[in-house]
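One structure is given here, and the rest of the page talks about it.
Residue numbers (this note's numbering): 224 to 518.
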């Protein structure tokens, strides 16, 4: 596995912050290679330093986006300027990674994210939190439930936890029939057109938020817009209520709603970072907060 280190400057609020970056290719279980970027403040001399920075963020982008997308780029710069490390990757079929989007299922996405998490934790002795958006946020939540020992906390932006129902609603009965028969569904968003395979839909019944919530224990902050036309806001609040019903005090999940927020929430990124940074700092400072369960 080849890794390449470079130096760069991240501009934040008019200031330029030095950072050190490493790029790598991480192989998944089926041999697909994922493009990974690892960024730390330049004052950090090695990525195995556990005291500075205190936390590494694992970023997962949304469907059709990439680790070079607007949110990933902006939050990478903010995180490094704040003193956090930042690991991101292109999902299969996205950006510089191998594979095809039509071969993507939630099961494969969770396994792929787990491979990057293993790569990160093999090189990082400090605490890890996820920072994720849309489908990437749904993947991160399921991964955090399965690998609770690895995560101190998480931040999820408009997590697409109920993709099965969203796709059913978008396609309708006739659209679902055509998708099943052809095996392919073309969808378009502001990132362009992508093609989904029918195996995604076959796989989604295994990942229902009502089954995740009672088992979920990772402290997580969710940001959700009330004007989101892709992930209905009750998806986030219902999930949080299901987590609260588990009886933990405080509940694992907090939700912050933006009355004017759409799906991407780009207009609220400053507010989101301000809230997330404080939340993550508290998680990093709370030793022993991560449950001691098998990885």
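Glycine included, C-beta positions come from ideal geometry on N, C-alpha and C. Since this is a predicted model, take the numbers as computed values, not measurements.
Exposure of residue i, with buried meaning 16 or more beta-carbon neighbours within 10 Å
i: residue 487; result: buried
i: residue 497; result: exposed
i: residue 468; result: exposed
i: residue 499; result: buried
i: residue 432; result: buried
i: residue 372; result: exposed
i: residue 320; result: buried
i: residue 438; result: exposed
i: residue 490; result: exposed
i: residue 271; result: Residue confidence for residue 271 is low, a pLDDT of 43 falling below 50, so the modelled location carries little weight and cannot support an answer.
i: residue 424; result: buried
i: residue 299; result: buried
Nearest residue (CA-CA) to residue i, options the options
i: residue 453; options: 277, 246, 484; result: 484
i: residue 451; options: 382, 336, 259; result: 382
i: residue 481; options: 504, 358, 455; result: 455
i: residue 428; options: 257, 358, 386; result: 386
i: residue 295; options: 344, 337, 380; result: 380
i: residue 347; options: 280, 330, 314; result: 280
i: residue 349; options: 375, 305, 464; result: 375
i: residue 440; options: 302, 365, 336, 327; result: 365
i: residue 457; options: 388, 415, 502, 419; result: 388
i: residue 445; options: 435, 430, 434, 463; result: 463
i: residue 351; options: 358, 370, 357, 255; result: 370
i: residue 478; options: 459, 449, 470, 493; result: 459
i: residue 316; options: 298, 246, 416, 297; result: 416
i: residue 343; options: 297, 282, 288, 289; result: 282
i: residue 436; options: 421, 422, 470; result: 470
Beta carbon of residue i nearer than 8 Å to that of residue j
i: residue 564; j: residue 251; result: Nothing can be reported for residue 564: it is not among the residues displayed for the chain, which extend from 224 to 518.
i: residue 362; j: residue 323; result: no
i: residue 339; j: residue 257; result: yes
i: residue 327; j: residue 314; result: yes
i: residue 286; j: residue 426; result: no
i: residue 325; j: residue 248; result: no
i: residue 293; j: residue 318; result: no
i: residue 297; j: residue 505; result: no
Straight-line gap, residue i to residue j (C-alpha atoms, nearest Å)
i: residue 442; j: residue 378; result: 9 Å
i: residue 354; j: residue 264; result: 18 Å
i: residue 391; j: residue 243; result: 44 Å
i: residue 412; j: residue 284; result: 14 Å
i: residue 345; j: residue 302; result: 21 Å
i: residue 465; j: residue 430; result: 15 Å
i: residue 494; j: residue 501; result: 11 Å
i: residue 216; j: residue 402; result: Because the chain is modelled from 224 through 518, residue 216 falls outside the range shown and cannot be assessed.
i: residue 305; j: residue 404; result: 50 Å
i: residue 434; j: residue 357; result: 19 Å
i: residue 359; j: residue 409; result: 19 Å
i: residue 260; j: residue 419; result: 26 Å
i: residue 262; j: residue 448; result: 29 Å
i: residue 255; j: residue 461; result: 35 Å
i: residue 246; j: residue 341; result: 15 Å
Beta carbon proximity, residue i to chain C, threshold 8 Å
i: residue 256; result: Absence of chain C from the displayed structure is noted, only one protein chain being present.
Below 8 Å, can you find three or more Cβ-Cβ pairs linking the stretch 468 to 477 to the stretch 394 to 403? Contact check between the stretch 468 to 477 and the stretch 394 to 403: fewer than three CB pairs, one atom from each, fall below 8 Å, which does not count as touching.
Okay, do the stretch 310 to 318 and the stretch 500 to 511 touch, 3+ Cβ pairs below 8 Å being the bar? The stretch 310 to 318 is not in contact with the stretch 500 to 511.
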